[in-house]
Amino acid sequence: MHPQLPFNARAARTLRERLGMAPGHVAYGMRASYGMTYVTPDHVSAWERGVALPTLQELTALAGALWCAPGDLMGAPRTLREHRLARGMAPEDVAHAIGMGVGDYLRMEESGRWSGTALQAAQLGRALQLPVSAMVAVTGLEGQLAGLLVEAVSTRWQAHIRAVARLLSMEKRDLQEPLRVMHGEYQNLMARTLSRAGGTVTSGEEAKDYLDGIVQRFWQCLEGK
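Residues in the sequence shown are numbered consecutively from 794, following my numbering.
Below, the structure written as structure tokens:
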């Protein structure tokens, strides 16, 4: 069973009001165009107030009635399935775009575990127009990325830039500044730790916290924050 889709109640109301529609108009559109004969204005109002959540079929029909994409009514997608639905793409379309059988692709969506190749991960990112951070999250590559980043900040970052670029399907030149900055940050933390109490290691908590959040810090540096 899939988890409930994220739904942006405020966006649904805003889109309806911009179109000059009442909840009754939206409900009528869902009944007339999508065969949802049970939908009433009360359903639409409940979704907009956040006291009820539409199903996948209802969300798709609601988007049609509001002349928008399903992604416009969703909160931030979290899973591969949610990213696909946000783009309004069928499983067959995504599977074809990444060169994978539909059954294999759907099994990945169901399990939440990516089993494709690095090339297919890059193709998935292009097909669903995913930012690099989302592509890494939905393909389960965060652990591998974290390992490379830990090595980069604790040794010579230049020696790991090729591996990071390959994993993320990015140009090496775009990774140079983020890795250089992070290496400096971590080395400064280590230097401060070692300088306390007359040169003995008194606490490694700051350095440990840095490594625990290293992937998030990487995205921040990549975005120039």
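We treat Cβ as the ideally placed atom computed from N, Cα and C, and that holds for glycine.
Please report the straight-line C-alpha distance between residue i and residue j, rounded to a whole angstrom.
i	j	result
residue 965	residue 956	9 Å
residue 952	residue 972	11 Å
residue 859	residue 870	20 Å
residue 984	residue 997	11 Å
residue 902	residue 987	46 Å
residue 979	residue 1000	7 Å
residue 1026	residue 852	Residue 1026 lies beyond the residue range present for the chain, which begins at 794 and ends at 1018; the question has no answer from this structure.
residue 961	residue 931	13 Å
residue 992	residue 946	The predicted position of residue 992 is uncertain, since its pLDDT is 45 and thus under 50; a value taken from the coordinates is nonetheless stated next. Distance between the alpha carbons of residue 992 and residue 946: 22 Å.
residue 1019	residue 982	Residue 1019 lies beyond the range of the chain shown here (794 to 1018); nothing can be said about it.
residue 1002	residue 977	16 Å
residue 809	residue 847	16 Å
residue 958	residue 937	12 Å
residue 1014	residue 825	49 Å
residue 899	residue 830	30 Å
residue 941	residue 1016	19 Å
residue 948	residue 1010	17 Å
residue 820	residue 911	44 Å
residue 813	residue 850	24 Å
Provide the residue span of the alpha helix (DSSP H) that contains residue i, from first to last.
i	result
residue 811	802-811
residue 852	849-858
residue 941	935-947
residue 840	834-842
residue 827	816-827
residue 1002	998-1005
residue 896	895-904
residue 886	884-891
residue 961	954-961
residue 926	925-931
residue 918	911-920
residue 875	873-879
Give every residue of the same chain whose Cβ lies closer than 7 Å to the Cβ of residue i, excluding the five residues on either side of it in the sequence, and list them in chain order.
i	result
residue 913	891, 892, 893
residue 862	856, 881
residue 939	1007, 1008
residue 839	845
residue 868	799, 800, 801
residue 879	863, 864, 867, 870
Give me, in chain order, the residues of the same chain whose beta-carbon lies closer than 8 Å to that of residue i; leave out the 5 immediate sequence neighbours on both sides.
i	result
residue 806	841
residue 896	none
residue 919	890
residue 954	945, 965, 968, 969, 972
Spatial neighbours of residue i within its chain, please: C-beta separation below 6 Å, excluding the five flanking residues on both sides.
i	result
residue 835	none
residue 1004	943
residue 1012	926
residue 915	962
residue 934	none
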